Amino acid sequence: MTQLVTALQAARDGDFSVRLRAEGTLAEVALAFNALVERNQQVTRELVRVSKVVGREGRITERANVAGAPGSWADQVGAVNELVDNLARPTIEVARVIDAVADGDLSERIQLQIDGQPVRGEFRRIGTTVNGMVDQL
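Reminder that position 57 of the sequence shown reads as 816 in the numbering used here, one-by-one numbering, no gaps.
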């Protein structure tokens, strides 16, 4: 029982490397625990990977994928993917207009709505600034 408590405390503290030996009367519990921490480890690895690929390498079309992740794990992966989408769309829009200006096309403007929703915050400020800049050219 001590091994189980120690393993549970480690998992609670974010250490998903701990595994229990599946033997004796607690074999089923050990197998379930090991599957739980393995899933946590898998989701964590994937979210860290996407964070690095998108944030450091600039590959903003990359998304997290954890095959077969159910429930809250799927919710976590979905939330990260939605965050990346919400950051990527305005970034792509800004790049589109800047590319057009670089090619001499001053007719393009940043859309201040995406999927029928107004762009907000810093993205709105950037969009308004770029549109104003293009108007001045």
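Glycine included, C-beta positions come from ideal geometry on N, C-alpha and C. All figures in this text were calculated on a predicted structure; none of them were measured in a lab.
With distances taken between CB atoms, is the gap from alanine 823 to glutamate 805 smaller than 7 angstroms? Numbered from 1 along the sequence shown, position 64 holds the residue referred to as residue 823. Numbered from 1 along the sequence shown, position 46 holds the residue referred to as residue 805. Closer than 7 angstroms, so yes.
Judging by CA-CA distance, which residue of Val889, Glu841 and Gln872 is the nearest neighbour of alanine 861? Position 102 of the sequence shown holds residue 861. Out of Val889, Glu841 and Gln872, Val889 has the C-alpha closest to the C-alpha of alanine 861.
Between the beta-carbon of proline 829 and the beta-carbon of phenylalanine 882, is there less than 7 angstroms? In the sequence shown, counting from the first residue as 1, residue 829 sits at position 70. In the sequence shown, counting from the first residue as 1, residue 882 sits at position 123. Not a contact, by the Cβ cut-off of 7 angstroms.
Are the CB atoms of alanine 766 and valine 777 nearer to each other than 7 angstroms? The count along the sequence shown starts at 1 and reaches residue 766 at position 7. The count along the sequence shown starts at 1 and reaches residue 777 at position 18. Contact: yes.
Go ahead and label glutamate 852 buried or exposed: buried means 16 or more other beta carbons lie within 10 angstroms of its beta carbon, across all protein chains shown. Taking the first residue of the sequence shown as position 1, residue 852 is located at position 93. When all chains shown are included, glutamate 852 counts as buried.
Should valine 809 and glutamate 821 be called a contact, given that it needs their Cβ atoms to be closer than 7 angstroms? On the sequence shown, position 50 is the one that residue 809 refers to. On the sequence shown, position 62 is the one that residue 821 refers to. Yes. Within cutoff.
For glutamine 800, the three-state DSSP class (helix, strand or coil): In the sequence shown, counting from the first residue as 1, residue 800 sits at position 41. The three-state reading of DSSP puts glutamine 800 in helix, counting H, G and I together.
Does DSSP put glutamine 876 in a helix, a strand or coil? For the purposes of this step, residue 876 is identified with residue 117 of the sequence shown, where counting begins at 1. In this structure, glutamine 876 counts as strand in the three-state DSSP scheme.
Go ahead and pull the three-state DSSP assignment for threonine 887. By one-based count along the sequence shown, residue 887 stands at place 128. It is helical.
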